[in-house]
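Written out below as structure tokens is the structure these notes cover.
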Amino acid sequence: MKSFLLIFCVALIFSATHAQTISVADLLNQVSKDSLTIHVNQLAEAGGYFSRVNYTPGNQFTVQYLEKYFRSLPGIDSVAVDTFYIYSAQSPYNSKPVMNVIAIKEGAVYPDELVICGGHYDASGSHENNWSSAWQTIKAQGADDNASGVAAIMELARILSDPQNDVATKRTIKFIAFGAEEYHPAHQEVHHAGSLWDADRTQKANQNLYGALILDMIGYNPNTNYCEVISNDQSMWMTDAIYDNLQQHVPALTMNNVPVDVPYSDHQSYQDFGYSAILLMENDRPWNDHYPYYISNPYYHSTGDKPETVNFDQVKLVTQLSLATLLGYAGIDTATSMDDHKNKLLADGLELKTFPNPFNARLTISFRTNGQPLTIDIFNARGQLVERLVNPQFDS
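All letters in the sequence shown, in the order written, are residues -19 to -1, 1 to 377 by mature numbering (1 follows the signal peptide of the UniProt record, and there is no 0).
Pasting the structure below:
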């Protein structure tokens, strides 16, 4: 009988250099709704200022809060506060510093290849009537926009850097909380400033950016648990991993079937510099309805964006999806076995599912055919045939 090997979602380098001791499911189970809630509350409170608007004391407190948190994680290799200036801002704000907060977990195999996981920490009250004149004192808590995304990033950093989890990624993960994503009365023509600064520095330093996963506004939905993936054509390969992990690990979350291409967050900065970058967001236009999954967010850019309006079940699900996907981008150094309980024996062959997705530089599979004919079909995460190998030549 002809030997037949069927492979779905090919996504992993098989390596003997490091044996992963914890499963992806175990890591996802560590995502804590309580931790996410605490972080959103702390970010919304902002040291008692209840605002993270750029150039305010609450914004400065947030930088310190994030830096202290990242430095408390024993598995993080380095933490930095990267300072820049918006020189086109009105005086005196053109001379006041703005900061990105960065935490690095170095890759074990390809440390010079970067995977970014980021989201902005500043907030806006631009839908308030007195925004232009009272931005310094408006209580813009920004619980959803974007304490929810930053809380997810903090939780991802905690889990992936926990020495007890012993997660060794091949590529370096750069966790980054961006400053000045929002428009501001002092710089009305500038937004996404923190990510633009980082993308520009990445390019000028000739760094190898594998891809960027951005989280922005992942917490509002009073009716269901829904999220959208936003991507340009160049970054579509990154969305395959999103959909694969959604089906495999986070089926309780509903998503758009086809990615949309809109420029409303920090992913645009990296795309503009030619890098692959995608965004996870509660709706691609949060000021619009997407019936029946989403109703427009009435608290968007207002003083009503408070923690009590956040759907923390949804935040947890999006964080879990981000974790599974980030593991694929960064490349966990592990092996997939062919145990019968994980792989399905077909009538004329074997269906082998591997994780994470997308796969890295190469995939190595060890097997014996006993001299019989062999066909290998390789499918992507959407079930589309990528390549068929008939009696391929292997090293003996």
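Positions of the beta carbon are idealized from the N, C-alpha and C atoms, including for glycine.
Distance, residue j Cα to residue i Cα
i      : j      : result
Ser76  : Asn35  : 13 Å
Leu370 : Asp358 : 6 Å
Lys323 : Ala25  : Per-residue confidence for Lys323 stands at a pLDDT of 37, beneath the threshold of 50, marking its modelled position as unreliable; no derived number is given.
Pro240 : Asp7   : 28 Å
Ala222 : Tyr310 : 8 Å
Thr290 : Asn372 : 58 Å
Ala61  : Leu366 : 44 Å
Ala149 : Leu227 : 23 Å
Gln252 : Ala186 : 17 Å
Phe159 : Asp181 : 14 Å
Val90  : Pro73  : 46 Å
Cys208 : Asn238 : 11 Å
Beta-carbon gap between residue i and residue j smaller than 8 Å
i      : j      : result
Leu95  : Gln184 : no
Phe51  : Ala161 : no
Ile134 : Ile83  : no
Phe31  : Lys120 : yes
Ile195 : Asp265 : no
Tyr245 : Leu190 : no
Leu9   : His230 : yes
Leu17  : Lys297 : yes
Trp116 : Pro166 : yes
Asn40  : Asp63  : no
Gln11  : Ile140 : yes
Leu234 : Val131 : no
Thr284 : Gly106 : yes
Ser303 : Leu261 : yes
Asp147 : Ile3   : yes
Lys86  : Ile154 : yes
Span of the alpha helix (DSSP H) around residue i
i           : result
Arg182      : Ala174 to Lys185
residue 424 : The requested residue 424 is not part of the displayed model; the chain covers only -19 to 377.
Val44       : Pro38 to Arg52
Lys14       : Lys14 to Glu26
residue 394 : Coverage of the chain is limited to positions -19 through 377, which leaves residue 394 absent and any answer about it impossible.
Leu304      : Phe293 to Ala311
Ile223      : Met217 to His230
Ser113      : Trp112 to Ala115
Opening and closing residue of the beta strand (DSSP E) in which residue i lies
i           : result
Ile154      : Arg152 to Phe159
Tyr191      : Asn189 to Leu196
residue 381 : Residue 381 is absent from the model: the chain starts at -19 and stops at 377.
Tyr74       : From DSSP, Tyr74 is part of no beta strand (DSSP E); its letter is neither H nor E.
Tyr91       : Tyr91 to His101
Tyr207      : Tyr207 to Ser212
Ile85       : Val79 to Lys86
Asp270      : Careful: Asp270 lies outside any beta strand (DSSP E) and carries neither H nor E.
Ser250      : Careful: Ser250 lies outside any beta strand (DSSP E), inside the alpha helix (DSSP H) at His248 to Asp253.
Burial state of residue i (16 or more Cβ within 10 Å)
i      : result
Val163 : Note that residue 163 is Glu in the sequence shown, not Val. Its Cβ being crowded by 16 or more others within 10 Å, Glu163 is buried.
Asp320 : Low confidence applies here, because Asp320 scores a pLDDT of 39, under 50, leaving its location unreliable; read the following figure in that light. Exposed, because fewer than 16 other Cβ atoms sit within 10 Å of the Cβ of Asp320.
Leu47  : buried
Gln249 : buried
Ser113 : exposed
Asn292 : buried
Gln301 : buried
Ile57  : buried
Asn204 : exposed
Glu368 : exposed
Ser176 : buried
Chain D contact for residue i (CB, 8 Å cutoff)
i      : result
Phe360 : Absent from the structure is chain D; it holds one protein chain and no more.
On the three-pair Cβ rule with 8 Å, is the segment 123 to 130 touching the segment 212 to 229?
-> no
Using 8 Å as the threshold, is the segment 272 to 290 in touch with the segment 168 to 178, meaning 3 or more CB pairs across them?
-> Cβ pair count under 8 Å is below three, so no.
Counting Cβ pairs, one atom from each stretch, are 3 or more of them under 8 Å apart for the segment 187 to 205 and the segment 100 to 119?
-> Of all C-beta pairs linking the segment 187 to 205 to the segment 100 to 119, three or more are shorter than 8 Å, placing the two stretches in contact.
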